[in-house]
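S.K.: Okay, here's the structure, questions in a sec.
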Amino acid sequence: MKNTTTGLLPILLLPALFSCGAAGEPYLKHELKAQKIAPACNGKTGDSFSMVSNTIGERYQFSQCMTEGSEKSSTVERKGDTVIVSFDKSGKLALYDITLDINTYPNYNTLIIDGAEFKVLSGKN
Numbered sequence: 126m127k128n129t130t131t132g133l134l135p136i137l138l139l140p141a142l143f144s145c146g147a148a149g150e151p152y153l154k155h156e157l158k159a160q161k162i163a164p165a166c167n168g169k170t171g172d173s174f175s176m177v178s179n180t181i182g183e184r185y186q187f188s189q190c191m192t193e194g195s196e197k198s199s200t201v202e203r204k205g206d207t208v209i210v211s212f213d214k215s216g217k218l219a220l221y222d223i224t225l226d227i228n229t230y231p232n233y234n235t236l237i238i239d240g241a242e243f244k245v246l247s248g249k250n
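126 is the number of the first residue of the sequence shown in the numbering used here; add one for each residue after it.
Following this line, the structure appears as structure tokens:
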């Protein structure tokens, strides 16, 4: 009985090994949090920009001018190996601290935020 169980174990684990190596379908998941820091923008952006990368994805923190209350109308989309982030600027502008989490497969090499292009070295394989 022990030999049978030992012989079946590799066969039972085989599907799990193949599923780990499977590439899977492409996806883009993101979460954007915005905290208003000034009632007017006055063109003040780009003071700081940071990125933290881990196995789950990347977190970007930066300041951004955008229409007051428009966090939900911001867009994050993927085109090829580029992630494009656009902020609504159709109304009264305010300055926001932005935290943007991006989790995507396959990896992306370029991030464009309102026309500003950044090359990305992802922590994921």
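Glycine residues also receive a C-beta, built at the ideal position from the N, C-alpha and C atoms.
1. Taking the straight line between their C-alpha atoms, what separation do you get for K154 and Q189?
2. Hey, A159 and I237 are a contact pair by Cβ (cut 8 Å); roughly how many whole angstroms apart?
3. How big is the Cα-Cα spacing for D226 and N167?
4. If you run the structure through DSSP and keep just helix, strand and coil, what is E183?
5. Would you mind working out which of G240, Y221, N232 and A241 sits nearest P164, comparing C-alpha positions?
6. In the DSSP assignment, what are the bridge partners of A219?
7. Between T192 and E202, what straight-line distance do the alpha-carbon atoms span, to the nearest angstrom?
8. Hey, Y152 and Y230: beta-carbon distance below 9 Å or not?
9. Please classify V253 as buried or exposed, where buried requires at least 16 neighbouring CB atoms within 10 angstroms.
10. CB S199 to CB G216, shorter than 9 Å?
M.R.: Here's the rundown:
1. In this structure, the CA atom of K154 is about 21 Å from the CA atom of Q189.
2. About 18 Å; that fails the 8 Å criterion.
3. D226 and N167: Cα-Cα distance of roughly 26 Å.
4. In this structure, E183 counts as strand in the three-state DSSP scheme.
5. Nearest in C-alpha terms to P164, of all of G240, Y221, N232 and A241, is Y221.
6. Looking at the DSSP assignment, A219 forms a beta bridge with M191.
7. Those two C-alpha atoms are separated by around 19 Å.
8. Result yes, Cβ atoms of Y152 and Y230 sit closer than 9 Å.
9. Residue 253 lies beyond the range of the chain shown here (126 to 250); nothing can be said about it.
10. For the pair S199 and G216, the CB atoms are not nearer than the 9 Å cut-off.
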